[in-house]
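Numbering (full-length UniProt numbering), first residue to last: 1 to 570.
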Ligand code: GLY
Ligand code: MN
Ligand code: MN
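In structure tokens:
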């Protein structure tokens with residue numbers, strides 16, 4: 001097997017029918033290890049099958065993603081390969097197919113046949129776009145047995161039906177909008193029951209691939225790590241531009257008489273959109289084609305909206321009501337206005353060769369690039385929630401325990417700040433003990449989401465495999481309140497090789513606070529003082545190891561560094 005890793009997302013855009021392609025490698029060391037993933041997936045697949053089916057030849061038939069078009073136009077939408085197809089093929093050419101065969105106890109178990117089918121370059125399409133690679137070029141950069149054109153797929157299926165009698169064909173769920181469609185012109189002889197040519201099922205393949213994807217191999221880890229390094233630098237770039245402005249080192253801005261357009265980094269960041277533009281520019285500059293998800297760039301109290309993706313509002317020049325959707329763009333860049341002290345929460349990460357990053361940093365804006373005392377207290381508490389999580393994370397620990405420790409840390413921290421009452425201060429005895437407050441579920445109003453999730457090809461990776469219908473419970477650990485787990489996307493014991501985010505947060509969302517406005521555990525006067533902070537989240541991506549974890553996120557989050565950079569002092 002040749003050993004080269006594909007780097008720099010190959011992108012293929014189709015015009016009316018096809019193609020723009022470019023493959024860039026930053027290392028001539030390795031091809032994406034699709035074959036290893038095929039074997040890993042088949043092993044899980046066979047385990048999932050009923051006893052009587054396991055010894056049979058097993059065949060997987062997959063369709064890749066096709067290029068979509070914007071409603072009723074001929075303009076291409078962004079193309080991103082379907083993750084499961086990429087996992088088993090390493091192929092980013094749109095409209096491709098994969099046919100792979102395996103049989104336990106035969107030579108096919110070590111060397112499954114993996115046949116890739118990529119579209120033929122048509123002359124008429126080249127004028128609009130760039131063609132897919134030739135078969136010879138494609139064979140060199142894919143870890144597969146053979147490469148042919150889709151017209152040869154029916155013949156290849158017929159051959160397998162003959163040489164592997166009794167084979168069980170597996171597909172992803174058919175008739176589902178979640179997965180690409182297997183075109184009847186190529187797959188009819190096995191998918192049409194009237195043909196009676198082979199048994200086919202879509203029950204086992206998806207859970208098998210998802211199970212395989214839950215732990216990553218060294219090549220995948222290198223890709224996740226690279227994505228995280230690029231995104232870490234992009235977060236730092238935003239902070240540094242903010243800091244330059246504090247030190248008046250950004251001289252040019254709208255309305256100050258410059259007679260040329262501003263370059264990235266020259267403009268003052270005074271709107272969410274300006275921060276997003278700098279973040280994305282930094283990732284693109286380093287070769288990342290896609291963001292792994294829509295960036296969340298939320299200033300002031302908008303930081304309390306967990307998946308805020310508008311990113312089009314002014315920073316706060318005066319009190320901003322929670323969910324204030326007025327867009328006061330005319331206020332930006334006016335010399336006479338001072339920014340209110342506020343936080344800027346950026347949850348953003350690029351994708352590298354179909355592998356994600358997912359990083360949140362919350363930074364001070366206004367106030368000379370320093371947190372207000374209230375924002376700083378909340379920030380430090382979120383950092384403590386993350387630190388306590390890191391202290392217990394390792395293979396074998398059930399992820400629920402991390403969720404619980406975050407709630408426990410929040411409750412203790414809020415008791416210190418006086419937001420939650422303590423038995424002493426309230427005089428109400430054990431009613432306000434840490435355990436009692438935990439049992440009340442009130443902390444969910446401030447930390448409503450899960451502490452993290454599996455990450456890989458997708459930012460929320462393999463959802464069904466990581467959140468089984470029946471949670472495997474953790475023996476002996478007090479679980480706290482059921483509301484802690486409503487949005488927890490990972491409910492498994494950790495395994496070495498998993499990649500997860502650790503992303504505690506504290507928010508003051510009026511919608512969620514409504515539920516605890518009458519709570520006797522809370523000192524509501526003290527709470528009022530903290531509500532203008534809006535929200536703080538700190539999110540890193542880590543690899544789980546036998547003894548602990550390795551942090552792939554390189555941008556720092558300690559207060560001294562964040563304030564130092566955002567104030568222009570570092
Ligand atoms: N970026 C979305 C999340 O952190 O889950
Ligand atoms: Mn996340
Ligand atoms: Mn995130």
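Even glycine gets a Cβ: it sits at the ideal position worked out from N, Cα and C.
Problem set entry | Burial state of residue 21, where buried means 16 or more other Cβ atoms lie within 10 Å | Any reading at residue 21 needs caution, since the residue's pLDDT is 32, under 50, leaving its predicted position unreliable; the model's value is listed next. Classification for residue 21: buried.
For this session: For residue 234, I'd like the list of residues in its chain whose CB is within less than 6 Å of its CB, leaving aside the five on either flank, ordered along the chain.
Result: 279, 282, 283
Exercise. By Cβ distance below 8 Å, which residues in the same chain neighbour residue 544 in space, the five residues on each side in sequence not counted?
Worked result: 393, 394, 395, 494, 495, 496, 497, 498, 499, 500
Problem set entry | Residues bridged to residue 563 (per DSSP) | According to DSSP, which records beta bridges pairwise, residue 563 is partnered with nothing at all.
For this session: State the start and end residues of the unbroken alpha helix (DSSP H) segment that holds residue 437.
Result: 434–440
Problem set entry | Contiguous beta strand (DSSP E) assignments of at least 3 residues, all confined to the UniProt domain "Aminopeptidase P N-terminal" (32–179) | 58–63, 97–102, 113–117, 146–148, 168–170
Exercise. How about residue 501: is its Cβ closer than 7 Å to a heavy atom in ligand 2?
Worked result: yes
Exercise. So which of 41, 560, 454 has the shortest CA-CA distance to residue 204?
Worked result: 41
Exercise. To which residues does DSSP link residue 350 through a beta bridge?
Worked result: 291
Exercise. Beta-carbon separation of residue 59 and residue 164 under 8 Å?
Worked result: yes
Exercise. Would residue 61 be called buried (16 or more neighbouring beta carbons within 10 Å of its own) or exposed?
Worked result: buried
For this session: Check whether the Cβ atoms of residue 375 and residue 565 sit closer than 8 Å, and answer yes or no.
Result: no
Exercise. Would you report the Cα separation of residue 421 and residue 387, rounded to the nearest angstrom?
Worked result: 24 Å
Exercise. Between the C-alpha atoms of residue 596 and residue 443, what's the straight-line distance to the nearest angstrom?
Worked result: Because residue 596 is not part of the residues shown, which for the chain are 1 to 570, the question remains open.
Problem set entry | Own chain residues within Cβ distance below 6 Å of residue 144, not counting five before or after | 114, 116
For this session: Rounded to whole angstroms, what's the CA-CA distance from residue 255 to residue 238? Just pull it up for me.
Result: Unreliable placement is indicated for residue 255, whose pLDDT of 48 sits below 50; no coordinate value is reported for it.
Exercise. How many Å lie between residue 33 and residue 141 at the Cα?
Worked result: 11 Å
Exercise. So, residue 92 versus residue 81, is the Cβ gap smaller than 8 Å?
Worked result: yes
Exercise. At what residues does the beta strand (DSSP E) containing residue 540 begin and finish?
Worked result: 540–544
For this session: Report, in whole angstroms, the separation of the C-beta atoms of residue 385 and residue 219, which I expect to be a contact under 8 Å.
Result: At roughly 32 Å, the Cβ-Cβ gap does not stay under 8 Å, so residue 385 and residue 219 are not in contact.
For this session: Report yes if the C-beta distance between residue 571 and residue 355 is below 8 Å; otherwise report no.
Result: The requested residue 571 does not occur in the structure, where the chain is confined to residues 1 to 570.
Problem set entry | Nearest-angstrom beta carbon gap, residue 460 and residue 489 [assumed within contact, 8 Å] | 6 Å
Exercise. On the three-state DSSP scale, how would you describe residue 187?
Worked result: helix
Problem set entry | Between the CA atoms of residue 211 and residue 462 - distance to the nearest angstrom | 8 Å
For this session: State buried or exposed for residue 71, treating a residue as buried only when at least 16 other CB atoms are found within 10 Å of its CB.
Result: exposed
For this session: Using only the heavy atoms of ligand 1, determine whether one of them is closer than 7 Å to the beta carbon of residue 407.
Result: no
Exercise. Going by Cα to Cα distance, which pick from 467, 304, 244 is closest to residue 567?
Worked result: 244
Problem set entry | residue 449 versus residue 505: straight-line alpha-carbon distance, rounded | 8 Å
For this session: Please state whether DSSP places residue 14 in a helix, a strand or coil.
Result: The predicted position of residue 14 is uncertain, since its pLDDT is 30 and thus under 50; no value can be drawn from it.
Exercise. By a C-beta neighbour count over all protein chains shown, 10 Å radius and 16 as the cutoff for buried, is residue 430 buried or exposed?
Worked result: exposed
Exercise. What number of angstroms, rounded off, separates the C-alpha of residue 308 from the C-alpha of residue 361?
Worked result: 14 Å
For this session: Report the three-state DSSP secondary structure of residue 28 (helix, strand or coil).
Result: Confidence in residue 28 is poor, its pLDDT being 46 and thus under 50, which makes the residue's placement too unreliable to answer from.
Problem set entry | Cβ pair residue 458, residue 83 closer than 8 Å | yes
Exercise. Is any heavy atom in ligand 1 found nearer than 7 Å to the beta carbon of residue 539?
Worked result: yes
Problem set entry | Start-to-end residues for the beta strand (DSSP E) that takes in residue 384 | Segment 373–392 is the alpha helix (DSSP H) holding residue 384; no beta strand (DSSP E) there.
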